[in-house]
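K.L.:
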Amino acid sequence: MPPSHHPRRATGSRKSPLDLAGCTWLTARESAASDERGTVTLPSPSPGRPLRAGVVGIGWAGQQHMAAYAAAADVELVAIAGKEEAIRAELAATYGVSRTYADWEEMIAHGDLDVVSVAVPTFLHAPITIAALGTGAHVLCEKPIARTGAEGQAMVDAARAAGRILEITFNHRRRGDIEAIRAAVEDGTIGRPYHARAIWLRRAGIPALGSWFTNAEMSGGGPLVDLGVHVLDWTLHLMGEPRVTAVSAVTHSELGPRGLGGSGAVKHGTGSAYEVEDLATALLRLEGGGSIVLETSWASHRSTPDQFGITLYGTDGGADLSVVDYAPSGELTIYTGDGEMSLDTPVVAPPGRGHAAVVETFLSHVADPSSWPTHDGSIGLSRARIVDACYASAAAGREVALGPELEIIGGRP
Numbered sequence: 114m115p116p117s118h119h120p121r122r123a124t125g126s127r128k129s130p131l132d133l134a135g136c137t138w139l140t141a142r143e144s145a146a147s148d149e150r151g152t153v154t155l156p157s158p159s160p161g162r163p164l165r166a167g168v169v170g171i172g173w174a175g176q177q178h179m180a181a182y183a184a185a186a187d188v189e190l191v192a193i194a195g196k197e198e199a200i201r202a203e204l205a206a207t208y209g210v211s212r213t214y215a216d217w218e219e220m221i222a223h224g225d226l227d228v229v230s231v232a233v234p235t236f237l238h239a240p241i242t243i244a245a246l247g248t249g250a251h252v253l254c255e256k257p258i259a260r261t262g263a264e265g266q267a268m269v270d271a272a273r274a275a276g277r278i279l280e281i282t283f284n285h286r287r288r289g290d291i292e293a294i295r296a297a298v299e300d301g302t303i304g305r306p307y308h309a310r311a312i313w314l315r316r317a318g319i320p321a322l323g324s325w326f327t328n329a330e331m332s333g334g335g336p337l338v339d340l341g342v343h344v345l346d347w348t349l350h351l352m353g354e355p356r357v358t359a360v361s362a363v364t365h366s367e368l369g370p371r372g373l374g375g376s377g378a379v380k381h382g383t384g385s386a387y388e389v390e391d392l393a394t395a396l397l398r399l400e401g402g403g404s405i406v407l408e409t410s411w412a413s414h415r416s417t418p419d420q421f422g423i424t425l426y427g428t429d430g431g432a433d434l435s436v437v438d439y440a441p442s443g444e445l446t447i448y449t450g451d452g453e454m455s456l457d458t459p460v461v462a463p464p465g466r467g468h469a470a471v472v473e474t475f476l477s478h479v480a481d482p483s484s485w486p487t488h489d490g491s492i493g494l495s496r497a498r499i500v501d502a503c504y505a506s507a508a509a510g511r512e513v514a515l516g517p518e519l520e521i522i523g524g525r526p
């Protein structure tokens, strides 16, 4: 199979995410995915009592949410769910959590949570989010929103039906260096952004060979859906959320299938071969004539182990950011000039607050019911639909055009 046509995922009918739960660290039952809920009207938290928060997922990301809830005023972290009993107990002691669960369904079914964070493997995002929204909880879900735009749409529909917030965690836009570029755009220093080259490239950074990450059915794809959604998010955010009108993409799978480029131990193997891409590149055409070139990899022969960043071109200036090996602050330069004199300004930005800032913003939205309809997961859904289009373009070997809702015009190639 030519590299550019490497499949995103297994062909044929998609299994329910819950059919795959035996390969993961959380249990689940079929009913959580198939339950269809109509509009529900549930009471807001009683005045004077703290919001009750729960977190599904006890890995690194889940722990970031726990720490943020524990530090927030008027929030009580009352429940966490995850398979490893020893880790659950340690985290419960650290954050004063009264209830811990091996089964996320049991936690959600308790029905008393005001806010729920979802920080688990991607194929479980939709069932957990939809179940939590159905109990009247607001949901903060880790990126990507889901494996596909279709799953993401189901989550957005559930948030709208429940009249509750759904937000997706794009913590990288809350880095200090990204925020510094955003400020340079907003104050006019850069002018109107019209082109960007954005990357996240790893030399040997496949999360874990043989894990859910490299199982196409469970992950939805490789670095494009894992890292690429971050790259898409910060780039579109910096450019003012222009609509993507067409995508031309190529994917490759060269190192992963040969057992190369892995990082990290496999805690819960799937027994499947390497099934996703290990490098992807795309050209995105934007409404108004702008453009983005995106490149992302888990494994590639290059100099730096891990590098992400953006070069942004504007009508009055530009910005170049490079972050190597997850440095808290990257190397950032703002470029300006009038054609006769150029000025390069290095910027030392503070690290930013990442997940803590995301959780605080989420809680501020929860506290303002008038804002609920505008926070329904649509941003995360837009990123998923663009990723869908990238995979469709790579499979077809041609550019695909996108409609007003980022749907592929003419259907999937």
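For the record, in the sequence shown the residue sitting at position 182 is 295 according to our numbering, with numbers rising by one throughout. Ideal placement from N, C-alpha and C gives every residue a C-beta, glycine not left out. Note that the structure is predicted; figures quoted are calculated from it, not measured.
Quick check: what's the CA-CA separation for residue 257 versus residue 341?
P.N.:
The sequence position of residue 257 within the sequence shown is 144, counting from 1. The sequence position of residue 341 within the sequence shown is 228, counting from 1. Residue 257 and residue 341: Cα-Cα distance of roughly 9 Å.
K.L.:
Apply the 10 Å Cβ neighbour rule to residue 264 and answer buried if 16 or more other Cβ atoms are within range, or exposed otherwise.
P.N.:
Numbered from its first residue, the sequence shown carries residue 264 at position 151. The residue in question, residue 264, is buried, as its Cβ has 16 or more Cβ neighbours within 10 Å.
K.L.:
Quick one: Cα of residue 455 to Cα of residue 250, how far?
P.N.:
Within the sequence shown, numbered from 1, the residue matching residue 455 stands at position 342. Within the sequence shown, numbered from 1, the residue matching residue 250 stands at position 137. Near 52 Å, if we compare the C-alpha coordinates of residue 250 and residue 455.
K.L.:
According to DSSP, is residue 210 helix, strand or coil?
P.N.:
The count along the sequence shown starts at 1 and reaches residue 210 at position 97. If DSSP states are grouped into helix, strand and coil, residue 210 belongs with coil.
K.L.:
With DSSP as the reference, please indicate the residues paired to residue 465 in a beta bridge.
P.N.:
Position 352 of the sequence shown, counted from the first residue, corresponds to residue 465. DSSP output for residue 465 lists 288 as bridge partner(s).
K.L.:
From the DSSP output, in three-state form, read off residue 389 for me.
P.N.:
In the sequence shown, counting from the first residue as 1, residue 389 sits at position 276. Residue 389 falls in the coil class under three-state DSSP.
K.L.:
If I follow the unbroken beta strand (DSSP E) through residue 414, where does it start and stop?
P.N.:
Stepping through the sequence shown from its first residue, residue 414 is reached at position 301. Careful: residue 414 lies outside any beta strand (DSSP E) and carries neither H nor E.
K.L.:
Going by C-alpha distance, which of 472, 441, 412 is nearest residue 289?
P.N.:
Here residue 289 is taken as the residue at index 176 of the sequence shown, counted from 1. Out of 472, 441, 412, 441 has the C-alpha closest to the C-alpha of residue 289.
K.L.:
Where does residue 371 land, buried or exposed, given buried means 16+ other C-beta within 10 angstroms?
P.N.:
Looking up residue 371 in the sequence shown gives position 258. Exposed, by the Cβ-count rule.
K.L.:
Please identify the residue among 165, 238, 427 whose C-alpha is closest to the C-alpha of residue 209.
P.N.:
In the sequence shown, counting from the first residue as 1, residue 209 sits at position 96. Ranking 165, 238, 427 by Cα distance to residue 209 puts 165 first.
K.L.:
Please classify residue 448 as buried or exposed, where buried requires at least 16 neighbouring CB atoms within 10 angstroms.
P.N.:
For the purposes of this step, residue 448 is taken as the residue at position 335 of the sequence shown. Under this definition residue 448 is a buried residue.
K.L.:
Looking at the secondary structure, which residues open and close the beta strand (DSSP E) in which residue 173 lies?
P.N.:
Here residue 173 refers to the residue found at position 60 of the sequence shown. Looking at the DSSP string, residue 173 is not in any beta strand (DSSP E); the run it does join, the alpha helix (DSSP H), is 173-184.
K.L.:
For residue 426, which three-state DSSP category applies?
P.N.:
Position 313 of the sequence shown, counting from 1, holds the residue named residue 426. In the structure shown, residue 426 sits in a strand (DSSP, three-state: E or B).
K.L.:
At a cut-off of 7 Å, would you count residue 431 as near the ligand MN, judging by its Cβ distance to the nearest heavy atom?
P.N.:
With respect to the ligand MN, the structure shown offers nothing to examine, as it has no ligands at all.
K.L.:
Alpha carbons only, please: which of 414, 469, 474 is nearest the one belonging to residue 373?
P.N.:
The residue labelled residue 373 in the question sits at position 260 within the sequence shown. Among 414, 469, 474, the Cα nearest to that of residue 373 belongs to 414.
K.L.:
May I ask you to report which of helix, strand or coil DSSP gives residue 439?
P.N.:
As a working mapping, residue 439 is identified with position 326 in the sequence shown. Residue 439 falls in the coil class under three-state DSSP.
K.L.:
Rounded to the nearest angstrom, what separates residue 275 and residue 243 at their Cα positions?
P.N.:
Along the sequence shown, one-based indexing puts residue 275 at 162. Along the sequence shown, one-based indexing puts residue 243 at 130. Taking the straight line from one Cα to the other gives about 10 Å.
K.L.:
Going by beta carbon distance, what residues of the same chain come within less than 6 Å of residue 459, once the five residues before and after it are set aside?
P.N.:
As a working note, residue 459 is residue 346 in the sequence shown. If we look at residue 459 and ignore the five residues flanking it on each side, its Cβ neighbours are 446.
K.L.:
On the three-state DSSP scale, how would you describe residue 421?
P.N.:
In the sequence shown, residue 421 corresponds to position 308, counting from 1. Residue 421: strand per DSSP, three-state reduction.
K.L.:
Quick check on this structure: which residue in 326, 345, 360 has the alpha carbon closest to the alpha carbon of residue 383?
P.N.:
Against the sequence shown, residue 383 aligns to sequence position 270. Selected option, being the one with the closest Cα: 326.
K.L.:
In chain order, what residues of the same chain lie with their CB nearer than 6 Å to the CB of residue 229, ignoring the 5 residues before and after it?
P.N.:
On the sequence shown, residue 229 is found 116 positions in, with the first residue counted as 1. Once the five neighbours on either side are set aside, the close Cβ partners of residue 229 are 167, 245, 250, 252.
K.L.:
Express the C-alpha separation of residue 248 and residue 489 in angstroms, rounding to a whole number.
P.N.:
Here residue 489 refers to the residue found at position 376 when the sequence shown is read from its first residue. Here residue 248 refers to the residue found at position 135 when the sequence shown is read from its first residue. C-alpha separation (whole angstroms): 16 Å.
K.L.:
Name the two residues that bound the continuous beta strand (DSSP E) containing residue 347.
P.N.:
Looking up residue 347 in the sequence shown gives position 234. Premise fails: residue 347 lies in the alpha helix (DSSP H), 341-351, not in any beta strand (DSSP E).
K.L.:
Could you tell me the alpha carbon to alpha carbon distance between residue 316 and residue 271, rounded to whole angstroms?
P.N.:
Position 203 of the sequence shown, counted from the first residue, corresponds to residue 316. Position 158 of the sequence shown, counted from the first residue, corresponds to residue 271. If you take the alpha carbons of residue 316 and residue 271, they lie about 39 Å apart.
K.L.:
Since residue 238 is in the alpha helix (DSSP H), which residue starts that stretch and which ends it?
P.N.:
Here residue 238 refers to the residue found at position 125 of the sequence shown. First-last of the alpha helix (DSSP H) with residue 238: 238-247.
K.L.:
Report the rounded CA-to-CA distance for residue 485 versus residue 278, giving the unit in angstroms.
P.N.:
In the sequence shown, residue 485 corresponds to position 372, counting from 1. In the sequence shown, residue 278 corresponds to position 165, counting from 1. Each residue's alpha carbon lies about 5 Å from the other.
K.L.:
Count the other CB atoms, across all protein chains shown, that sit within 10 Å of the CB of residue 522; report buried if there are 16 or more and exposed otherwise.
P.N.:
Locating residue 522 in the sequence shown gives position 409, counting from the first residue. Under this definition residue 522 is an exposed residue.
K.L.:
Does the segment 460-472 come close enough to the segment 176-195 to have 3 or more Cβ pairs within less than 8 Å?
P.N.:
Judged by Cβ distances under 8 Å, the segment 460-472 makes contact with the segment 176-195, as three or more pairs qualify.
K.L.:
Hey, could you find the ends of the beta strand (DSSP E) residue 444 is sitting in?
P.N.:
As a first step, residue 444 is located in the sequence shown; it is residue number 331 there, counting from the start. Run containing residue 444: 444-450, per the beta strand (DSSP E) assignment.
K.L.:
Enumerate in chain order the residues of its own chain whose CB-to-CB distance from residue 494 is below 7 Å, with the five nearest sequence positions on each side excluded.
P.N.:
Here the question's residue 494 lines up with position 381 in the sequence shown. So the list reads 258, 262, 265, 266, 269, once near-sequence residues are dropped.
K.L.:
Distance, Cα to Cα, residue 425 vs residue 505?
P.N.:
As a working note, residue 425 is residue 312 in the sequence shown. As a working note, residue 505 is residue 392 in the sequence shown. Those two C-alpha atoms are separated by around 26 Å.
K.L.:
Would a C-beta distance cut-off of 8 Å place residue 419 and residue 336 closer than the cut-off?
P.N.:
The sequence position of residue 419 within the sequence shown is 306, counting from 1. The sequence position of residue 336 within the sequence shown is 223, counting from 1. Not in contact: residue 419 and residue 336 (Cβ atoms no closer than 8 Å).
K.L.:
Skipping 5 residues on each side, what residues in its chain have a beta carbon closer than 8 Å to that of residue 346?
P.N.:
Counted from its first residue, the sequence shown places residue 346 at position 233. The residues are 256, 283, 285, 286, 492, 496.
K.L.:
Could you give the distance in angstroms between the alpha-carbon of residue 394 and the alpha-carbon of residue 406?
P.N.:
Here residue 394 corresponds to residue number 281 of the sequence shown, with the count starting at 1. Here residue 406 corresponds to residue number 293 of the sequence shown, with the count starting at 1. C-alpha separation (whole angstroms): 7 Å.
K.L.:
Around the C-beta of residue 398, are 16 or more other C-beta atoms found within 10 angstroms, so that it is buried, or is it exposed?
P.N.:
Residue mapping note: residue 398 aligns to position 285 of the sequence shown, counting from 1. It counts as buried.
K.L.:
What is the rounded straight-line gap between the Cα of residue 295 and the Cα of residue 475?
P.N.:
Taking the first residue of the sequence shown as position 1, residue 295 is located at position 182. Taking the first residue of the sequence shown as position 1, residue 475 is located at position 362. Rounded to the nearest angstrom, the two C-alpha atoms are 20 Å apart.
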